[in-house]
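Student: FYI, the UniProt record's numbering numbers position 327 of the sequence shown as 327, with every residue one higher than the one before it.
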Amino acid sequence: MPLFERDTEIYRDRDALREDYQPEELVGRDEELRTFQAALQPVINGEQPNNIFLYGKTGVGKTAASRYLLSHLREDARRYDDIDLTVIFLNCDGLTSSYQIATRLVNELRSESNQISTTGYPLGSVYGMLWEGLDECGGTITVVLDEIDHVNDDSILYQLPRARANGNLDNAKVGLIGISNDFSFRDDLSPKVKSSLCEQEIHFPAYNAKNLQAILEQRAEVAFREEVLADEVIPLCAAYGAKDAGDARQSIDLLMKAGDLARDEETDRVTEEHVKRGRRALERGRIKEGINGLTEHGHLVLYSLLTLDLEGETPIRSRDVRPRYTRFAELANRDPLVPRRMRDHLSELAMLGIVSVTERNEGRRGGTYREYALDMDVELIISAMRDTIDLVGVHETIDSHVNTESKRTLDDFA
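1) Where does the unbroken alpha helix (DSSP H) through residue 255 begin, and where does it stop?
2) For the candidate residues 350, 141 and 234, whose alpha-carbon lies nearest to that of residue 161?
3) Only counting the same chain, and skipping five residues up and downstream in sequence, which positions put a Cβ closer than 8 Å to that of residue 330?
4) Going straight from the alpha carbon of residue 382 to that of residue 243, what length do you get?
5) Is it buried or exposed for residue 32, if we count other Cβ within 10 angstroms and need 16 for buried?
6) Could you tell me the boundaries of the beta strand (DSSP E) in which residue 374 lies?
7) My understanding is that residue 310 touches residue 398, with C-beta atoms under 8 Å, so please give their C-beta distance in whole angstroms.
8) List the DSSP bridge partners of residue 178.
9) Considering just the uninterrupted stretch of the alpha helix (DSSP H) at residue 415, what are its terminal residues?
10) Compare the Cα-Cα distances from residue 156 to each of 125, 102 and 184 and report the closest residue.
11) Around the C-beta of residue 404, are 16 or more other C-beta atoms found within 10 angstroms, so that it is buried, or is it exposed?
12) Would you mind sorting residue 80 into buried or exposed? The rule is 16 or more other CB atoms within 10 Å of its CB.
13) Taking 8 Å as the threshold (C-beta atoms), are residue 250 and residue 241 in contact?
14) Might you give, ordered along the chain, the residues of its own chain that have their beta carbon closer than 7 Å to the beta carbon of residue 379, omitting 5 neighbours on each side?
15) Quick one: measure Cβ to Cβ for residue 185 and residue 153, integer angstroms, because I've assumed they're closer than 8 Å.
16) Buried or exposed, going by whether 16 or more other CB atoms sit within 10 Å of the CB of residue 180?
17) Could you pull out every residue in the same chain whose Cβ sits closer than 8 Å to the Cβ of residue 27, ignoring the five residues on either side in sequence?
18) Here's the rule I'm using: 16 or more other beta-carbon atoms within 10 Å means buried, otherwise exposed. How should residue 165 be labelled?
19) When you compare only the Cα positions, how much space is there between residue 22 and residue 62?
20) With a Cβ-Cβ cutoff of 8 Å, do residue 66 and residue 177 count as a contact?
21) Looking at the strands, I want to know which residues DSSP matches up with residue 88.
22) Could you name the residues of the same chain whose beta carbon sits closer than 6 Å to that of residue 139, not counting the 5 residues immediately before and after it, in chain order?
23) What are the residues that DSSP puts in a beta bridge with residue 358?
24) The beta strand (DSSP E) with residue 48 in it runs from where to where?
25) Specify the secondary structure class of residue 316 as computed by DSSP and reduced to three states.
26) Under a Cβ-count criterion, where at least 16 other Cβ atoms within 10 Å of its own Cβ denotes burial, should residue 338 be classed as buried or exposed?
27) Look up residue 409 in the DSSP assignment and say whether it is helix, strand or coil.
28) Within 10 angstroms of its Cβ, does residue 18 collect 16 or more other Cβ (buried), or is it exposed?
29) Let me know the secondary structure DSSP gives residue 218 once reduced to three states.
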C-alpha cells in the first residue's frame, strides 16, 4: 500500500484558492474596473499612457484588477500592428529606495548576461541606464509598482512619469501605475510628484459581505467538489471577511483553511465549525506574524493604542495617542519618534489589519483627520507583545489579562 495517496473527497482544484490564481472574470469590482479600463484606453489608441494611482486597504482587489486588465490589454494590443506594448510588474516589498527600484527596472529590461549590480553606481548613472533601456525597448511601456508605499523617497515617482517630457526618452512612451495599501502615502508625496503620478486616481473601497460572497462562490465552484460545502460556510466566511476590513484575501484564506481542516479530519463535508476553528487559527497566526514583524517603536505604538482602547478612548486621533506613546518610550529608555514617524507606525498597523482607521472630515473648521481603534482580540495581541510589556511594565488596563507571576507594573517606575 502506498504511503501517499491523493485526497479527492474535498477539493477538485485547491490551487483556485491560492493568491496567485487569476479568475477568468473579476467580481465585485465593476465600477473600479470601468474607471481603470478607461484610464488604460490611451494605450490602445496609440497615445501617451496615463499615470495611474490605485489605493485602498490590503485585499480589496487592486493587484488582481491590475493583473486582470493588463492581461487583457496585452492580448488586445496584439491586434494592432502599430502598438508594441511592454508591461513590467514590480512588487516593491523589500525595496525602500528609488535607487533599488531603478536598478531592478534596469535589470528587467536587460538580458541575464548583462545585469548590473544593485549597488555601487551613482543614482544619476542608474537613471541614465534606465532611460537607455526603455528607449531600446521602445513602444509603449507600462510600469506597475505594487506596494509602492514601501519606498521612502519619491524620486523615481517623479522621474518615471516625466521622463519623456524632461527629454530623457525619444522612442518609448512610459506610463506608471502605482499601487498603495497606505491611505496616507498619497498625502505625504511632494506636490510635483502628486501632479505627475496621480493623473488618474482610483480608490478601491473595502468589499462588503455581498461582494465577498460572490467572490467566494466563484472560487468555490472551481476549488471544491459538489455538495462538499455546507450551506452556511460561504456566507459565514464572507461575513467574517466583511468584519475584517472587507479583505477578500482573508476570506479566501479562511475558506481554504476550513477545507484543509475538513480534509485533515478525513470528513466529506466542510461545516460551520471548520470555519470557526479555521478563523481562530488564522487570526492567531496573522497577529503573531504581524506583531513580530514590527519595529520596537511599532510595538510601543501598539501597546499605547491597546491601553487606550481598553480605557474606552478609541477611536482616537494620533495626536491623542502621542502622550501615552511618549510615556511608554521613556519607560523603555527609548527616544520617542517625531509625530509623523509615529503616524507611520499607526498606518502600518492599519495595513496589517491589527488597527482600524476611520477618515473624518469636519469641513473648514475641523479639517480632515484619521481616528484609530484596535481591531483584534486583546488576548491575542497581549500574548504576542510580552517582551514589550516586560520592557515597559504592565499598564493597569491589562493587569487582569497578564499572568500575575513575575510581572512589573507601571507603578514600579513611578
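Note that CB positions come from ideal geometry on N, CA and C, so glycine has one too.
Tutor: In short, the structure shows the following:
1) For residue 255, the enclosing alpha helix (DSSP H) stretches over residues 248–264.
2) When C-alpha distances from residue 161 are compared across 350, 141 and 234, the shortest belongs to 141.
3) Result list for residue 330: 336, in chain order.
4) Their backbone Cα atoms lie some 21 Å apart in a straight line.
5) For residue 32, the number of other beta carbons within 10 angstroms of its own is at least 16, and it is reported as buried.
6) Per DSSP, residue 374 belongs to the beta strand (DSSP E) from 368–374.
7) The pair is a contact, with the Cβ atoms about 7 Å apart (cut-off 8 Å).
8) Within the DSSP secondary-structure output, residue 178 pairs in a beta bridge with 53 and 145.
9) Examination of residue 415 is not possible in this model, given that the chain is present from 1 through 414 alone.
10) Closest option to residue 156, Cα to Cα, is 102.
11) Any reading at residue 404 is ruled out, since the residue's pLDDT is 46, under 50, leaving its predicted position unreliable.
12) Residue 80 is classed as exposed because its beta carbon has fewer than 16 other beta carbons within 10 Å across all chains shown.
13) Yes, Cβ-Cβ distance for residue 241 and residue 250 is below 8 Å.
14) Within the same chain, 401 come within 7 Å of residue 379 by CB-CB distance, once the 5 residues on both sides are set aside.
15) At roughly 13 Å, the Cβ-Cβ gap does not stay under 8 Å, so residue 185 and residue 153 are not in contact.
16) That one is buried.
17) Closer than 8 Å at Cβ, skipping near neighbours: 211, 214, 215 and 218.
18) By the 10 Å Cβ count, residue 165 comes out exposed.
19) Rounded to the nearest angstrom, the two C-alpha atoms are 13 Å apart.
20) Going by C-beta atoms, residue 66 is nearer than 8 Å to residue 177.
21) Its beta-bridge partners are 143.
22) 84, listed in sequence order.
23) Bridge partners of residue 358: 371.
24) For residue 48, there is no enclosing beta strand (DSSP E), as DSSP marks it with neither H nor E.
25) In the three-state DSSP reduction, residue 316 falls in the strand class (E or B).
26) It is exposed - the Cβ of residue 338 has fewer than 16 other Cβ atoms within 10 Å.
27) Only weak support is given to the placement of residue 409: the predicted model assigns it a pLDDT of 48, under 50, and the value that follows is read from those uncertain coordinates. Note: residue 409 maps to strand in three-state DSSP.
28) So residue 18 counts as exposed.
29) Helix, per DSSP.
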